[in-house]
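Participant: Input: one structure, supplied below.
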Amino acid sequence: SAFESQMQALVKSWYCLICELLNIKLMVGSTTTVSRLSLPDPSLDLREEMFRFLSSLPTEACNLHPSIASGEPLHVKLQKIEEDHHVMTSRVMHSVLAQTKELKDLKDKYTRLEKTQDQIHFKMKEEMAILGNENKDLDRKYSLAVEKYNMEKTKSENLEKQKLLINKDLIEIKMMIKVMEGKCVEYEAKVKKAEATVRNLETAIRN
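Numbers 15 to 221, taken from our numbering, label the letters of the sequence shown in order.
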């Protein structure tokens, strides 16, 4: 990532500076007495002491090493490295701030999603409660319909039984009518026979 590249460049710059300082220390120790150098004081500010130490190095000490004989003095290089470090730090801070803002935006979105999810769950609970009440009402209506159907079915079965009984009674009545009709025919025959007998008697009496 960009952050890793910036940190690698910064570490590389500091590494090169440390190598140059070690080379100078080795060569200055053989050509210059310690009393001529303004060595850093560890108890003071490290940055200021490093600048003062690099500025106090004699010119002949710097000329002993070909990698630093040409170009800028070490304290200038250190200052540039610090400037680069400041730039890189600023970039890193901007990147961190951007990532922080992005994280905050994501957190806000997550919070909004949680609120939306809670609202959806609340609405679902309300709808489930409404559906539960509707189901209870439908169950009650269904039970009443089943009860009414059973009652009507019982009535229909009773009517069928009554119809069968009536049909049976009708058959019996028809049979009785036929019997009565037969008896009536017999009675009429007897009446006619009696009338004939009466007429015969009347005729006999007159004769």
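A virtual CB, placed ideally from N, CA and C, is assigned to each residue, including glycine. Just so it is clear, the structure is predicted and the values come from calculations on it, not from any experiment.
#1: Taking DSSP as the reference, what is the three-state secondary structure of residue 221?
#2: Taking the C-alpha atoms as reference points, what is the distance between residue 175 and residue 185?
#3: When you compare the CB of residue 174 with every CB in chain B, is at least one pair closer than 8 Å?
#4: Taking just the CA atoms, how far does residue 147 sit from residue 177?
#5: If you drop the 5 nearest sequence neighbours on each side, which residues of the same chain put their C-beta closer than 8 Å to that of residue 214?
#6: Measure the alpha-carbon distance for residue 216 versus residue 193 and round it to whole angstroms.
#7: Return the CA-CA distance between residue 109 and residue 132, expressed in angstroms with no decimal places.
#8: Using the C-alpha atoms, what's the distance from residue 211 back to residue 203?
Facilitator: The relevant details are as follows:
#1: Under the three-state reduction of DSSP, residue 221 is assigned to coil, being neither helix nor strand.
#2: If I take the Cα positions, the gap works out to 15 Å.
#3: In the structure shown, chain B cannot be found, because there is only a single protein chain.
#4: Roughly 44 Å separates the two Cα atoms.
#5: Excluding sequence neighbours, residue 214 sits near nothing in its chain.
#6: Roughly 34 Å separates the two Cα atoms.
#7: Those two C-alpha atoms are separated by around 34 Å.
#8: For residue 203 and residue 211, the distance between alpha carbons rounds to 12 Å.
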